[in-house]
Amino acid sequence: MSSHSESAAHGHLMFHEHVVPVSTYLAVFITLLIATGLTTWIAFQDLGQWNLVVALAIAVCKASLVVLFFMHVKYNKGLSRIVLIAAVFWLGIMITFTLADELTRHWQINPQPWVGTIVPVVRHLLF
Amino acid sequence: MSDAAITHGDNPTGFAHQFEELDQQHDAGRLGMWLFLATEILFFGGLFTGYTVYRSLHPQAFLLGSHILEVKYGAINTAVLICSSFTMAMAIRSAQTGKRKGAIIGWLIPTMLLGATFLFLKFRFEWYHDYLEHTMPGFGFYYRPEWGAHAPQVQMFMCFYFFMTGLHALHMIVGIGILLVLTWMTSRGRFTSQYFAPLEISGLYWHFVDIIWIFLFPLLYLIRF
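If you read the sequences in order, they're chains B and G.
For the first sequence, the working numbering begins at 596 and goes up steadily by one.
For the second sequence, the working numbering begins at 4 and goes up steadily by one.
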């Protein structure tokens with residue numbers, strides 16, 4: 596039995612790659628376009644501090660759609676997912692720790708000893 | 004190894020000798036690209052972190068700076084890149100489902116053209132306009148009176164704009180180069196429904212560049228209040 600004819604006959608069994616339906620790609624594509632229009636429209640509505648939050652939330656949703664469907668992460672389990680999660684986690688560390696420094700620099704240079712503030716409270720509670 | 008696995012006896016196109024199965028080779032290639040993209044996330048992440056710090060320090064200057072940019076070009080370019088991601092996904096699907104090479108090239112060429120459209124709009128109508136309007140740092144950046152004391156930080160915003168969109172544009176140029184090579188490989192009949200790993204991992208890169216823009220668009224163009 597020729598292995599060539601076998602692989603030709605069972606081509607779909609030979610290679611375990613998920614074929615995403617065209618309808619799924621089209622749905623993701625149209626959702627991404629609508630989300631782009633939505634984020635542009637919302638940017639011109641005054642939501643105060645929420646403008647940035649909404650814009651980033653829509654961007655994260657769009658990026659997730661691209662990652663899950665176009666980049667096949669929904670269908671490919673395993674190491675590539677771990678690498679992606681690790682990368683986003685490291686990015687989170689970089690931004691969080693940098694802001695933890697930057698946003699706390701205006702705090703008091705010589706803060707009061709915390710014991711001094713806690714003792715009266717404890718005394719009030721106890722006595 | 005299951006009966007269904009492709010082995011070297013089958014000698015399919017593009018099967019490297021160090022792998023036991025084509026599946027294994029495909030997984031290894033894909034993992035390699037994801038590792039590269041992890042480094043890319045942190046590479047761009049440095050700029051995003053810097054942006055976050057300066058925006059938190061100078062929100063008013065970022066608001067003024069964002070108004071220099073034209074939302075319509077940012078929005079059109081976002082749509083252009085999303086279209087190119089769709090055509091890229093369809094190119095890979097064509098290879099995967101064993102379509103003839105003309106069909107694969109028929110999706111790769113629009114992907115390249117959309118990428119080129121993005122760059123044309125960005126360079127011709129945005130960067131060149133910024134150059135003429137003296138809003139390009141390093142090329143006679145002009146402090147507009149209406150910016151008042153915020154002017155130096157507005158210039159800082161434009162620095163972030165040019166470095167972030169510049170690094171992104173550089174990735175687009177590399178991506179178009181990769182697509183040219185893929186088109187050539189496809190025309191030489193290098194890909195089959197069994198072997199199309201170069202198409203798929205290049206697609207990962209292309210979609211990644213799209214994702215970077217998905218974040219750059221609201222962060223740079225959409226500061227309205």
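Each residue gets a CB set at the ideal place from its N, CA and C atoms; glycine is no exception.
If you're wondering where the values come from, they're calculated on a predicted model, not measured in any experiment.
Determine the extent of the alpha helix (DSSP H) in which Q644 of chain B is found, giving its start and end residues. As a first step, residue 644 of chain B is located in the first sequence; it is residue number 49 there, counting from the start. Looking at the DSSP string, Q644 of chain B is not in any alpha helix (DSSP H), and its letter there is neither H nor E.
Any chain G beta carbon closer than 8 Å to F722 of chain B: Locating residue 722 of chain B in the first sequence gives position 127, where the first residue counts as 1. So no, F722 of chain B is outside the interface.
Under 8 Å between C-beta atoms, does F163 of chain G make it to chain B? Position 160 of the second sequence holds residue 163 of chain G. Not one chain B Cβ lies under 8 Å of F163 of chain G.
Given that a residue counts as buried once 16 or more other Cβ atoms are within 10 Å of its Cβ, and exposed if not, what is A746 of chain B? This structure gives no information on residue 746 of chain B, because the portion of chain B shown stretches from 596 to 722.
Run through chain G and tell me which residues come within less than 7 Å of I713 of chain B, C-beta to C-beta. Your numbering for residue 713 of chain B matches position 118 in the first sequence. Residues of chain G passing the Cβ test: none, with the nearest at roughly 31 Å.
In this structure, how does DSSP classify F722 of chain B when only helix, strand and coil are distinguished? One-based indexing of the first sequence puts residue 722 of chain B at position 127. F722 of chain B falls in the coil class under three-state DSSP.
Quick one: what's got a C-beta closer than 7 Å to F128 of chain G's C-beta in the same chain, skipping five residues either side? By 1-based counting over the second sequence, the position of residue 128 of chain G is 125. Closer than 7 Å at Cβ, skipping near neighbours: Y76.
With a Cβ-Cβ cutoff of 8 Å, do S69 of chain G and I176 of chain G count as a contact? Reading the second sequence from its first residue, position 66 is the one you call residue 69 of chain G. Reading the second sequence from its first residue, position 173 is the one you call residue 176 of chain G. Cβ atoms of S69 of chain G and I176 of chain G: not closer than 8 Å.
Give me, in chain order, the residues of the same chain whose beta-carbon lies closer than 7 Å to that of P201 of chain G; leave out the 5 immediate sequence neighbours on both sides. As a working mapping, residue 201 of chain G is identified with position 198 in the second sequence. Answer for P201 of chain G: L185 and M188, listed in chain order.
Touching or not, the stretch 201–220 of chain G and the stretch 88–102 of chain G, by the rule of three or more beta carbon pairs under 8 Å? yes
Continuous alpha helix (DSSP H) stretch holding E203 of chain G: start and end: Translated into the one-based positions of the second sequence, residue 203 of chain G becomes position 200. Run containing E203 of chain G: A200 to L219, per the alpha helix (DSSP H) assignment.
Leaving out the 5 sequence neighbours to the left and right, which residues in its chain are closer than 6 Å to A604 of chain B when beta-carbon positions are compared? By one-based count along the first sequence, residue 604 of chain B stands at place 9. Below a pLDDT of 50, predicted positions are generally treated as unreliable, and A604 of chain B, at 39, falls in that range; no measurement from the model is reported.
Local conformation of W636 of chain B per DSSP, three classes: Working through the first sequence from its first residue, we reach residue 636 of chain B at position 41. W636 of chain B: helix per DSSP, three-state reduction.
Simplified DSSP assignment, three categories, for E229 of chain G: Residue 229 of chain G lies beyond the range of chain G shown here (4 to 228); nothing can be said about it.
In chain B, which residues lie with their C-beta within 9 Å of the C-beta of R227 of chain G? The sequence position of residue 227 of chain G within the second sequence is 224, counting from 1. Chain B residues near R227 of chain G: A638, F639, Q640, D641 and N646.
Using a Cβ-Cβ cutoff of less than 6 Å, which residues in the same chain neighbour G17 of chain G once the five nearest sequence positions on both sides are dropped? Translated into the one-based positions of the second sequence, residue 17 of chain G becomes position 14. Around G17 of chain G: Y198.
Quick check: is the beta carbon of I690 of chain B nearer than 8 Å to any beta carbon in chain G? Start at 1 with the first residue of the first sequence, and residue 690 of chain B comes out as number 95. Yes - at least one Cβ of chain G is within 8 Å of the one on I690 of chain B.
Touch test, the stretch 642–656 of chain B against the stretch 682–693 of chain B, Cβ-Cβ under 8 Å, three pairs minimum: no
Assigned secondary structure, K669 of chain B (DSSP; H/G/I helix, E/B strand, else coil): Locating residue 669 of chain B in the first sequence gives position 74, counting from the first residue. In the structure shown, K669 of chain B sits in coil (DSSP, three-state: anything other than H, G, I, E or B).
Quick check on H210 of chain G: buried or exposed, where buried means 16 or more other Cβ atoms within 10 Å of its Cβ? Position 207 of the second sequence, counted from the first residue, corresponds to residue 210 of chain G. Per the 10 Å Cβ criterion, buried.
Would DSSP call H153 of chain G helix, strand or coil? Here residue 153 of chain G is taken as the residue at index 150 of the second sequence, counted from 1. It is helical.
I'd like to know if S618 of chain B contacts chain G, where contact means its C-beta is closer than 8 Å to some C-beta of that chain. Position 23 of the first sequence, counted from the first residue, corresponds to residue 618 of chain B. No, no contact with chain G.
Proximity test, Cβ basis, 8 Å: F89 of chain G and chain B: Your numbering for residue 89 of chain G matches position 86 in the second sequence. Yes, F89 of chain G counts as interfacial toward chain B.
Around the Cβ of Q644 of chain B, are there at least 16 other Cβ atoms within 10 angstroms (buried) or fewer (exposed)? Numbered from 1 along the first sequence, position 49 holds the residue referred to as residue 644 of chain B. Exposed, by the Cβ-count rule.
Members of the stretch 192–221 of chain G near chain B, C-beta cut-off 7 Å: S196, Q197, L207, H210, D213, I214, I217, F218 and P221
Work out the CA separation of M139 of chain G and T81 of chain G for me, nearest whole Å. Counting from one through the second sequence, the residue named residue 81 of chain G turns up at place 78. Counting from one through the second sequence, the residue named residue 139 of chain G turns up at place 136. Answer to the nearest angstrom: the Cα atoms are 22 Å apart.
Tell me the residue span of the alpha helix (DSSP H) that contains K102 of chain G. By 1-based counting over the second sequence, the position of residue 102 of chain G is 99. Element bounds for K102 of chain G: n/a, residue is neither H nor E.
Given 8 Å, three or more beta-carbon pairs between the stretch 156–167 of chain G and the stretch 57–69 of chain G: yes
Distance, Cα to Cα, T699 of chain B vs F692 of chain B? Mapped onto the first sequence, residue 699 of chain B falls at position 104. Mapped onto the first sequence, residue 692 of chain B falls at position 97. Near 11 Å, if we compare the C-alpha coordinates of F692 of chain B and T699 of chain B.
Beta-carbon contacts of F65 of chain G that lie in its chain and below 7 Å, excluding the five residues immediately before and after: As a first step, residue 65 of chain G must be located in the second sequence, where it is residue number 62. Once the five neighbours on either side are set aside, the close Cβ partners of F65 of chain G are R58, F160 and I226.
Give the C-beta separation of W37 of chain G and S675 of chain B to the nearest angstrom, bearing in mind that I take them to be a contact with Cβ-Cβ under 8 Å. Within the second sequence, numbered from 1, the residue matching residue 37 of chain G stands at position 34. Within the first sequence, numbered from 1, the residue matching residue 675 of chain B stands at position 80. Yes, W37 of chain G and S675 of chain B are in contact; Cβ-Cβ is about 4 Å, under 8 Å.
Could you tell me the distance, in whole angstroms, from the CA atom of I690 of chain B to the CA atom of A652 of chain B? Start at 1 with the first residue of the first sequence, and residue 690 of chain B comes out as number 95. Start at 1 with the first residue of the first sequence, and residue 652 of chain B comes out as number 57. For I690 of chain B and A652 of chain B, the distance between alpha carbons rounds to 17 Å.
Do we get a CB-CB distance below 8 Å when we pair T52 of chain G with the residues of chain B? In the second sequence, counting from the first residue as 1, residue 52 of chain G sits at position 49. Closer than 8 Å to some Cβ of chain B, the Cβ of T52 of chain G qualifies, so yes.
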